[in-house]
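Peer 1: Supplied in C-alpha cells, the structure appears directly below.
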Amino acid sequence: MRLLKTALFLTSISLLALSSAEAATTLTIATVNNGDMIRMQKLTDDFKAKNPDIDLQWVTLEENVLRQKVTTDIATKGGQYDVLTIGTYEVPIWAKNGWLVALDNLGADFKVDDLLPAIRNGLSVDGKLYASPFYGESSYVMYRKDLMEKAGLTMPDSPTWDFIKQAAEKMTDRANGINGICLRGKAGWGENMAFLTAMSNSFGARWFDEKWQPQFDQPEWKNTLQFYVDLMKAAGPSGASSNGFNENLTLFQQGKCGMWIDATVAGSFVTDPKASTVADKVGFALAPNTGLGKNANWLWAWSLAIPAGSQKTEAAEKFIAWATGPAYLDLVASKEGWANVPPGTRTSLYSNPEYTKAAPFAAMTLASINSADPTHPTVKPVPYTGVQFVAIPEFQGLGDTVGKLFSAALAGQSSVDDALKQAQDVATRTMTKGGYIK
Amino acid sequence: MARAVSPRRKWSFTVLAWIVALLLFFPILWTILTSFKTEGDAILFPPAFLPPHWTLENFVEVQDRSNYFKHFFNSVVISIGSTLLGLVITVPAAWSMAFSPTKRTKDILMWMLSTKMMPAVGVLVPIYLIFKSLNLLDSLFGLTIILMLINLPIMVWMLYTYFREIPVDILEASRMDGAVLWKEIVYVLLPMAIPGIASTMLLNIILAWNEAFWTLNLTAANAAPLTAFIASYSSPEGLFWAKLSAASTLAIAPILVIGWFSQKQLVRGMTFGAVK
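Structural data, given as C-alpha cells:
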C-alpha cells in the first residue's frame with residue numbers, strides 16, 4: 000500500500016511540474032554548436048539591455064540533429080522555434096516552399112548592401128533575402144610552410160591540382176608519420192561529398208545536365224574520382240575513408256599533414272598555439288583548379304531565418320538584425336578581440352585593418368568566398384544552384400548514398416568505375432522517381 | 000552433489016570475468032577520464048591514459064553554457080513519471096494475462112513486443128502532428144506519455160513473467176476469504192511481487208533516462224532532458240571532446256549510481272524464469 004501511495008505522490012509531483020511561465024515575448028532560437036554561436040549566446044546581455052521586453056531561450060544542438068528537428072517542425076508548421084539557424088542548402092528550398100519569412104524589415108542600421116555578394120545571393124530567392132548570414136565560410140588549402148620549403152617548392156596563391164599532387168608526394172614521409180595531404184573521406188552529403196562535389200566543379204564535372212540527367216558516366220567525374228583516390232593512396236593517411244573535418248583537424252594540429260583542404264573556419268584552429276603544434280608554420284592558398292575557370296572551393300553560411308509558423312516575427316527580426324548586423328562585429332571585437340568576430344559575411348570587415356592584422360587567414364578567406372558562385376557553380380551549365388550541393392530536397396539522401404559509394408572506392412572496397420556506375424544508377428532512379436526526368 | 004571447482008579453474012573464470020567487465024566499462028571510464036583533461040590533452044596521440052593536467056574547467060564551462068540542473072530535473076520527471084504511469088497500466092494488464100489468460104494472450108503479448116520492432120522514425124511525423132494538435136510539443140507531460148507508451152511492452156512482459164511465478168492458489172485463497180479484485184491485487188499480489196515490480200521500475204527508469212530519439216525530436220527549450228544536453232556538445236566542425244565528455248559524465252552519473260546500487264535487483268529482474 001505504501002508503494003502505491005508513494006507512486007501516486009510522485010506521479011502527482013511529475014504532473015505538477017509540467018508547465019512553466021513565459022515572459023511577455025520569449026524567442027526560442029534553434030542553433031548549431033560551434034564556437035561563434037556559443038559566443039553569441041554569451042553576449043546576448045547586450046541584446047537584452049537594448050530590448051528588455053524580449054527574452055531569449057536557446058536550443059543548441061549538433062547540426063545533423065538540429066537539421067532533422069527543425070525540418071520536422073517547419074514541415075508540420077509545429078511553431079516550436081522563432082529563429083532558426085540554417086545553411087545555404089536549406090534556404091532556397093524552404094523559401095520556395097513558403098516556409099520562411101522574407102527579411103524585409105531589418106532596418107537601415109543592418110546595412111544589407113554590406114553583405115558579401117556571393118553569400119547574399121546564396122540566401123536570396125527572387126531577389127529577396129530569406130536568411131541573414133551569421134558567419135560564412137568557403138574552403139581553402141592549409142599547408143605547412145616548413146615542409147613545403149623542405150620539398151623545394153613554393154605554394155602559389157592559386158595552385159593547380161597537378162601542383163598539389165606533386166607537392167603531396169614530395170612532402171609525404173611515412174617513416175616520420177607525415178602524410179602529404181589530408182582530405183575528407185567519411186561518407187555523407189556534408190562530409191566527403193561536400194569536398195568531392197566542389198572538387199568535381201574544378202574538373203569540369205557536374206551532378207546533372209540541363210535536363211536533370213545524372214552525369215557520373217561522363218569522363219569529368221571519372222577524372223575527379225580517379226585523381227582523388229590515386230592522390231590519397233599515394234600521400235593520404237591510413238584509414239582516410241573514415242576521416243571527416245575533426246579527424247583531419249587532429250592530424251593537422253599534430254603535424255601529421257603536409258596539406259589539408261577544408262573549411263576556412265579551420266584557419267583559426269590550426270593557427271591557435273594552444274591547440275596546434277604547428278600554429279606558426281601554416282600557410283594558406285586558394286583551393287586548387289585545373290585551369291577550367293573553377294576552383295575546388297565551396298560556399299556555406301550558417302544563417303538566421305524566421306519560420307513562417309512563428310507568431311513573433313517582429314521580435315525575431317529585431318534579434319536577427321542585432322546578431323547579424325555590423326554592430327555585433329564591433330561588440331565581439333571589443334569583448335573578445337578581432338580574431339574572434341564571425342567571418343565571411345560583410346565586405347567592411349575585410350577592409351578593417353585591425354581584423355586583417357589579427358586574422359592571418361582573412362585575405363584568403365575573402366578570396367575563397369568571392370571565387371565561389373552558387374548560381375553558376377560549374378564549368379558547364381546546370382539547372383541547379385549550390386556549389387558543394389544541389390539545392391533540391393532529394394540531395395540529402397542521394398548525396399549520402401553516393402558518398403558511401405565513393406568512400407568505399409577510397410577504402411579499396413570497390414573500383415572507381417564500379418562506384419561511378421552505381422552512382423549513375425542510383426541518381427537516375429532518384430531523379431526519375433522525383434519527377435525530374437520525364 | 001555439485002562437483003567441486005578446482006582453484007585454478009575458479010581463478011581463470013575470475014580473471015576472465017574481470018577482463019570482460021573492464022572491457023565493457025572501459026568506454027565509460029575513458030569518458031570520465033577525458034572529462035578531466037584539457038581540450039589539447041584530450042586529442043593527444045598517442046593518447047594519455049591519465050590526464051597530464053587534471054582540470055575541472057570543462058565541468059565549469061558546461062554548467063556555465065547550459066543549465067545542467069534544469070535538464071537533470073526534466074530527465075528525473077519524465078523517467079520517473081513515465082515509469083509510475085506505466086505501472087498503473089501494466090500491473091492490471093499483466094495480472095489479467097498471467098492469472099486469467101485466454102487463447103489469444105500469447106498473441107497479444109507477441110503483438111505488443113512487435114511494436115518495438117518498428118523504427119521510431121517511421122511514426123515521427125504522425126506523432127509530431129498529434130502532439131502539435133494537443134499542444135504537447137516541448138512539454139514534460141507529452142514526453143512522459145510517449146516514453147510510457149514506448150516502454151509499455153517491456154513492462155508488461157517483465158511483470159507478466161514475474162506474476163507467472165506467483166502461485167495462483169494464494170490469490171484464490173484471498174478470493175475465498177472475500178477479497179474483491181482490487182484488494183486481491185493491492186494487498187496480496189503486489190506485496191509478493193515487489194521484487195519484480197522494483198526491477199521493472201529500475202529497468203524502465205534506465206530506458207527512459209537514455210531514450211534519445213523522442214526526447215530530442217519532441218522537445219525544444221522547456222522540456223529538453225539530459226539527452227539534449229549531451230547533443231549540444233557534439234560538433235562536426237570543431238573539437239570539443241573534453242567538454243562533450245564532461246557533459247556525458249554529468250548525464251550518466253545519476254543513472255550509473257542507481258544502476259550500481261540496484262544491480263542485484265536488475266539482474267534478478269532480467270532473469271525471471273530463465274532456469275525454470
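Chains C and Z, in that order, are what the protein sequence lines are.
Numbering that gives the first Met the number 0 numbers the first residue of the first sequence as 0 and each following residue consecutively.
Numbering that gives the first Met the number 0 numbers the first residue of the second sequence as 0 and each following residue consecutively.
Built from N, CA and C at the ideal position, the CB exists for glycine as well.
#1: Please state the DSSP three-state secondary structure of GLU21 of chain C.
#2: So which of C:LEU105, C:LYS47, C:TYR134 and C:GLY126 has the shortest CA-CA distance to THR84 of chain C?
#3: Excluding the 5 residues preceding and the 5 following ASP271 of chain C in the sequence, name in chain order all residues of the same chain whose CB lies nearer than 7 Å to its CB.
#4: Using a Cβ-Cβ cut-off of 8 Å, state whether ILE73 of chain C counts as contacting chain Z.
#5: In this structure, what does DSSP give as the bridge partners for PRO306 of chain C?
#6: Tell whether a beta-carbon distance below 8 Å holds between ASN150 of chain Z and SER198 of chain Z.
#7: Looking at the structure shown, is ARG103 of chain Z part of a helix, part of a strand, or coil, going by DSSP?
#8: Do you know whose CA, among C:TYR139, C:LEU409 and C:GLY151, lies nearest PRO236 of chain C's CA?
#9: Under 8 Å, with one C-beta from each stretch per pair, do the segment 118 to 125 of chain C and the segment 239 to 257 of chain C reach the 3-pair mark?
#10: Per DSSP, what kind of secondary structure is ILE153 of chain Z in: helix, strand or coil?
#11: If we count the other Cβ atoms within 10 Å of its Cβ and call it buried at 16 or more, is LEU26 of chain C buried or exposed?
#12: Just verifying my parser: in three-state terms, what is the DSSP assignment at GLY195 of chain Z?
#13: So does LYS379 of chain C have its beta carbon nearer than 7 Å to some heavy atom of the ligand COA?
#14: Residues of chain C with a CB under 8 Å from the CB of VAL122 of chain Z: which are they?
#15: How many whole angstroms separate the CB atoms of THR223 of chain C and PHE202 of chain C, which I take to be in contact at a CB cut-off of 8 Å?
#16: What would DSSP say about ALA265 of chain C, mapped onto helix, strand or coil?
#17: Straight-line CA distance for LEU419 of chain C to TRP53 of chain Z?
#18: Counting only Cβ pairs nearer than 8 Å, list the residues of chain C close to ASP137 of chain Z.
#19: Quick check: the segment 162 to 180 of chain C against the segment 203 to 212 of chain C, are at least 3 beta-carbon pairs closer than 8 Å?
#20: Using a cut-off of 7 Å between C-beta atoms, extract the partners of LYS131 of chain Z located in chain C.
#21: For a contact meaning CB atoms closer than 9 Å, what does ALA166 of chain C contact in chain Z?
#22: Cβ of PHE162 of chain Z less than 8 Å from any chain C Cβ?
#23: Taking just the CA atoms, how far does ASN66 of chain Z sit from ALA20 of chain C?
#24: Please classify MET430 of chain C as buried or exposed, where buried requires at least 16 other C-beta atoms within 10 Å of its C-beta.
#25: Among Z:ILE153, Z:THR143, Z:VAL4 and Z:SER231, whose alpha-carbon lies nearest the alpha-carbon of PHE92 of chain Z?
#26: Within the continuous alpha helix (DSSP H) that includes ASP54 of chain C, where are the two ends?
#27: Taking just the CA atoms, how far does THR13 of chain Z sit from ALA22 of chain C?
#28: Taking the C-alpha atoms as reference points, what is the distance between ALA322 of chain C and TRP297 of chain C?
#29: Within the same chain, show all residues whose beta-carbon is closer than 6 Å to that of LYS144 of chain C, passing over the 5 residues directly before and after it, in chain order.
#30: According to a CB-to-CB cut-off of less than 7 Å, which residues of the segment 35 to 50 of chain Z neighbour chain C?
#31: State the Cα-Cα distance for the pair PRO342 of chain C and ALA300 of chain C, rounded to the nearest angstrom.
#32: For LEU215 of chain Z, which residues in chain C fall below 9 Å Cβ to Cβ?
#33: At a CB distance below 9 Å, what residues from the segment 163 to 191 of chain Z approach chain C? Give them in sequence order.
#34: Starting from LEU276 of chain Z, find everything on chain C with Cβ-Cβ shorter than 8 Å and list it in chain order.
#35: Using the three-state DSSP reduction, which class does GLU136 of chain C fall into: helix, strand or coil?
#36: Exposed or buried, what is HIS70 of chain Z when buried is set at 16 or more other beta-carbons lying within 10 Å of its beta-carbon?
Peer 2: Quick answer:
#1: Residue confidence for GLU21 of chain C is low, a pLDDT of 44 falling below 50, so the modelled location carries little weight and cannot support an answer.
#2: C:TYR134
#3: ALA278
#4: no
#5: C:LEU99
#6: no
#7: coil
#8: C:LEU409
#9: no
#10: helix
#11: buried
#12: helix
#13: As for the ligand COA, it is missing from this structure, which has no ligand bound.
#14: Within 8 Å Cβ-Cβ: nothing; VAL122 of chain Z doesn't reach chain C, min ~12 Å.
#15: 4 Å
#16: helix
#17: 50 Å
#18: GLN79
#19: no
#20: THR75 and GLY77
#21: By Cβ distance, chain Z contributes nothing, its closest Cβ being about 24 Å from ALA166 of chain C, past 9 Å.
#22: no
#23: Any reading at ALA20 of chain C is ruled out, since the residue's pLDDT is 42, under 50, leaving its predicted position unreliable.
#24: buried
#25: It should be pointed out that residue 92 of chain Z corresponds to Ala in this sequence rather than to Phe. It is Z:ILE153 whose Cα lies nearest to the Cα of ALA92 of chain Z.
#26: Per DSSP, ASP54 of chain C belongs to no alpha helix (DSSP H); it is in the beta strand (DSSP E), 53 to 60.
#27: With a pLDDT of 46 at ALA22 of chain C, under the threshold of 50, the predicted position of this residue should be treated as unreliable, though the coordinate-derived value follows. Each residue's alpha carbon lies about 59 Å from the other.
#28: 24 Å
#29: LYS280 and GLY282
#30: GLU38, GLY39, ILE42 and PHE44
#31: 10 Å
#32: LEU60, VAL64, GLN67 and LYS68
#33: VAL185, TYR186, LEU189 and PRO190
#34: The structure shown does not extend to residue 276 of chain Z, since chain Z is modelled only from 0 through 275, so no value can be given for it.
#35: strand
#36: buried
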